[in-house]
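**Q** In our numbering, the protein residues as written are 5 to 426.
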Ligand SMILES: Cc1ncc(COP(=O)(O)O)c(C=O)c1O
């Protein structure tokens, strides 16, 4: 009988491989290493967006063009991460750049209303089926905060139902558990895709739940789609209890022209948006039923007021209009999501054929690769070494710049990595 290697031998050999991978990474990136030393002096851990850190230190980008990132040491990567879905249009999409350049010429720090915000709002309300009216914010986090505040105001209730592994922003994070950074709402956190647990929560809290907030596909939680019937079940439970259903479509609105709500045929009361919709510039929005949004109507007394110096900033508003009128046709959305489906299916075929304990999940252009640690980190570094950039946690969000040929190239790299392991 062939000798079996003990678990500790396997893990210590993986740890050696990881140390070697870090060393290889370091040697190719002396300028990024120096920049990291400088960054650490002025930002904790050299970081100001936690998710961008990875060991031993992240490379620093010098230029970004087409599908590529080039770091300060001259290493080039194909950008499969697509700024965690915000980069759907690529790094500097021509239509957005031209529209924003024109806006820069006509003045951009206004402190006044302007026509472009009306056009942006009109385009969004026409696009997403549940949006009768919309308001703008600066981020997806803020959009969710506003939607929750509106739900509490409307219902006069305090409790919010959220799902384990859900992510709605840095202060609304349940992945895997509630973050100590979370805002102090009265959250009840239950398992995702568990309609029985949701029903039980409603039964145990009669007339107390203001809102259910859910991602139609959990993004940060590992690209896990809502199970068939789950969203429809939530819709029904909310209707029975006069609870508002909030779809966080900050990521998932890219999955179909009308977002996941169109794809999955369930309409929420409120929807939150963000990420790619301003072509890569800062953006957030929340909207839904006009009778709910009326709480913000200053002409009707305005029970609620939503401040925000940059809510209607003309650069983001202009970028939304360019994105929706010039780039994101139904055909473009369909193509990028079909590419994602092909990528995920092919990855799983490679993993299975090579007996890798890896799995790809998601829908369309949102893909997550799952594996135990340190196998996932080793994979991440192997791909970086070969010029493919994805999130350290295995997340991929395809941009329009990622062609079929690049998908094939990545699959070939994964295939080569998988066959070397065995
Ligand atoms: C589903 C979801 N909601 C909300 C947010 C927060 O958006 P932002 O980072 O723009 O605040 C994110 C960010 O990753 C997200 O994935």
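Every residue gets a Cβ at the ideal spot worked out from N, C-alpha and C, and that includes glycine.
Please read all numbers here as calculations on a predicted model, not as lab measurements.
In whole angstroms, give me the CA-to-CA distance for residue 15 and residue 348.
**A** 27 angstroms
**Q** Report yes or no: do the region 330-343 and the region 193-211 share at least 3 C-beta pairs separated by less than 8 angstroms?
**A** no
**Q** Using a threshold of 7 angstroms, state whether the C-beta atoms of residue 290 and residue 276 are closer than that.
**A** yes
**Q** What's the call for residue 302, buried or exposed, on a 16-neighbour Cβ count within 10 Å?
**A** exposed
**Q** Under a Cβ-count criterion, where at least 16 other Cβ atoms within 10 Å of its own Cβ denotes burial, should residue 33 be classed as buried or exposed?
**A** buried
**Q** With a cut-off of 8 angstroms, do at least 3 Cβ pairs link the region 106-113 to the region 407-416?
**A** no
**Q** What would DSSP say about residue 416, mapped onto helix, strand or coil?
**A** helix
**Q** Below 8 angstroms CB to CB, which residues in the same chain sit around residue 19 once its five sequence neighbours on both sides are set aside?
**A** 378
**Q** When the distance is taken between beta carbons, is residue 144 closer than 7 angstroms to residue 372?
**A** No, the Cβ-Cβ distance between residue 372 and residue 144 is not below 7 angstroms.
**Q** Listed in chain order, which residues are found with a beta carbon closer than 6 angstroms to a heavy atom of ligand 1?
**A** 88, 143, 144, 145, 148, 171, 172, 173, 219, 223, 224, 252, 254, 255, 278, 288
**Q** Assuming contact is defined by CB atoms lying nearer than 7 angstroms, are residue 487 and residue 278 in contact in what I supplied?
**A** This structure cannot settle anything about residue 487, because the visible part of the chain is limited to 5 through 426.
**Q** Hey, how far is the Cα of residue 435 from the Cα of residue 119?
**A** Here the chain covers residues 5 to 426 and nothing more, so residue 435 does not appear.
**Q** Looking only at its own chain, which residues have a Cβ that is under 6 angstroms from the Cβ of residue 189, when we skip the five neighbours before and after it?
**A** 164
**Q** State the CB to CB distance for the pair residue 362 and residue 421, rounded to an integer number of angstroms; the pair is presumed to be in contact (CB under 8 angstroms).
**A** Wrong, their Cβ atoms sit about 10 angstroms apart, outside the cutoff.
**Q** Should residue 134 be labelled buried (16 or more other beta-carbon atoms within 10 Å of its own) or exposed?
**A** Here residue 134 is buried. Its C-beta has 16 or more other C-beta atoms within 10 Å.
**Q** Helix, strand or coil: which one does DSSP assign to residue 7?
**A** Because residue 7 sits at a pLDDT of 43, beneath the cut-off of 50, its placement in the model cannot be relied upon, and the point is left open.
**Q** What does the alpha-carbon distance come out to for the pair residue 280 and residue 124?
**A** 14 angstroms
**Q** Taking the CB atoms as reference points, tell me whether residue 249 and residue 221 lie closer together than 7 angstroms.
**A** no
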